[in-house]
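See below for the structure under consideration.
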Amino acid sequence: MAGNASTKALDDELAAALARGRRELPLPLPEEPAGEGESKPHYHGHRDRLRGRFLEQGPDALQDYELLELLLFQAIPRRDVKPLAKQLLQTYGSLWAVVNAPPESLRTRFNFSDTVIGAIRIVGAIGLRMARQEVMGKPILSSWQKLLDYCQGAMAHESVEQFRLLFLDRKNTLIADEVQQRGTVDHTPVYPREVVRRALELGATALILVHNHPSGDPTPSRADIDMTKQIVTAAQALGVVVHDHVIIGKGQYVSFKSAGLM
Numbered sequence: 001m002a003g004n005a006s007t008k009a010l011d012d013e014l015a016a017a018l019a020r021g022r023r024e025l026p027l028p029l030p031e032e033p034a035g036e037g038e039s040k041p042h043y044h045g046h047r048d049r050l051r052g053r054f055l056e057q058g059p060d061a062l063q064d065y066e067l068l069e070l071l072l073f074q075a076i077p078r079r080d081v082k083p084l085a086k087q088l089l090q091t092y093g094s095l096w097a098v099v100n101a102p103p104e105s106l107r108t109r110f111n112f113s114d115t116v117i118g119a120i121r122i123v124g125a126i127g128l129r130m131a132r133q134e135v136m137g138k139p140i141l142s143s144w145q146k147l148l149d150y151c152q153g154a155m156a157h158e159s160v161e162q163f164r165l166l167f168l169d170r171k172n173t174l175i176a177d178e179v180q181q182r183g184t185v186d187h188t189p190v191y192p193r194e195v196v197r198r199a200l201e202l203g204a205t206a207l208i209l210v211h212n213h214p215s216g217d218p219t220p221s222r223a224d225i226d227m228t229k230q231i232v233t234a235a236q237a238l239g240v241v242v243h244d245h246v247i248i249g250k251g252q253y254v255s256f257k258s259a260g261l262m
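Quick note on UniProt numbering: the sequence shown kicks off at 1 and runs consecutively.
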């Protein structure tokens, strides 16, 4: 019995010592910066300098790839992203094209995680939302360029054709913006009666037709011209005016009205 008591006492003392040890362990120290004799990444301090230049001098002081670097800093914390930013621009052609690049393309071409893809795409979504807010509820005559910029942003980099309808009231104020159809890489089925029916449902008195050419060349095809005439005829019969049909390409557009096609 005495031996058992002695053993128990030793066990209790050992348990108490371990408990004290666990409580008294110091917190982990923060990682210290590399010493003078230790090697540092070649981009050491670059992020702070670039961020400081952006905050002090504004975005105009930075090139496109540098702005893209600032974005990538948030999603890729431990990597030199300058070469990656330049590669993204070379692949997609512009900042806007990068932040609107298809998720699958970013995943397969650059092996990006969902976190990185989300960080990139959210910038495009915010930019497009802001551009749309700049034109909704405003007369198109005073915001025509903003309207074109919005359509460029929304449609120029689509991989398939998209047919968009812009509905206007009697004061030519934009009251609705809807994608009626999505098609293939070179064709979108459009039904004139459906176009006019939707205008009447919304109480619109005028329309602007917009669609994109994924090839990037906005030159109207014979099918585009014939389809436009059919919609104009159907709309006129019910008192709805078609102001224009705009074809969006990559960095360029064609207005049927300006080209004398309607």
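Where is the CB? At the ideal position from N, CA and C, for every residue including glycine.
Assignment of GLN63 by DSSP, reduced to helix, strand and coil, places it in the coil class. Non-local C-beta neighbours of VAL195 in its own chain, meaning closer than 6 Å and more than five positions away in sequence, comprise ILE231, ordered along the chain.
In terms of Cα proximity to ASP217, the closest of HIS157, LEU238 and LEU200 is HIS157. At a Cβ-Cβ threshold of 7 Å, LEU261 and ILE225 count as neighbours. Sequence-distant partners of LYS138 (beyond 5 residues in either direction) whose C-beta falls short of 7 Å from its own C-beta, in its chain, are THR173 and LEU174. For HIS245, the enclosing beta strand (DSSP E) stretches over residues 241-248. In terms of Cβ geometry, VAL179 and GLN152 do not form a close pair [threshold 7 Å].
Only residues of its own chain outside the window of five on either side were considered, and among them PRO103, LEU106 and ARG107 have a CB closer than 8 Å to the CB of ILE117, listed in chain order. Taken through DSSP and simplified to helix, strand or coil, PRO83 comes out as helix. In the DSSP annotation of this structure, the continuous segment of the alpha helix (DSSP H) that includes PHE54 starts and ends at 46-57. Counting only unbroken stretches of 4 or more residues, the alpha helix (DSSP H) elements lying wholly within the region 149-212 are 192-202, in sequence order. About 14 Å separates the Cβ atoms of VAL246 and ALA206, ruling out a contact at the 8 Å cut-off.
Closest by C-alpha distance to LEU165, out of ARG197, GLN145, SER159 and LYS250, is ARG197.
The Cβ atoms of PRO192 and ALA234 sit closer than 7 Å to each other. Annotated three-state conformation of VAL135 is coil, per DSSP. In this chain, the beta strand (DSSP E) harbouring SER255 covers 253-255. For the pair of segments examined, the region 118-126 was found not to touch the region 46-61: the number of CB pairs separated by less than 8 Å stays below three. When the five nearest sequence neighbours on each side are left out, the beta carbons in the same chain lying within less than 6 Å of the beta carbon of ASP177 are those of LEU166, in order along the chain. A direct Cα-to-Cα measurement between PRO83 and GLN236 gives close to 55 Å. A check of alpha carbon separations from LYS171 across GLY52, LEU141, ALA101 and ARG78 identifies LEU141 as the nearest.
Excluding its 5 nearest sequence neighbours in each direction, LYS250 has C-beta neighbours in its own chain below 6 Å: ALA156 and GLY216, listed in chain order. By the C-beta density criterion, ASP48 is exposed, having fewer than 16 other C-beta atoms within 10 angstroms. Secondary structure at PRO103: helix, using DSSP grouped into helix, strand and coil. Excluding its 5 nearest sequence neighbours in each direction, PHE112 has C-beta neighbours in its own chain below 6 Å: LEU106, listed in chain order. With contacts defined as CB atoms closer than 7 Å, ALA119 and ALA75 qualify as a contacting pair. In this structure, TYR65 places its C-beta atom within 7 Å of the C-beta atom of ALA85.
The beta carbon of ILE208 lies closer than 6 Å to those of LEU166, HIS243 and ASP244 in the same chain, with the five residues before and after it left out. Take the alpha-carbon of ARG121 and the one of ARG51: they are about 21 Å apart.
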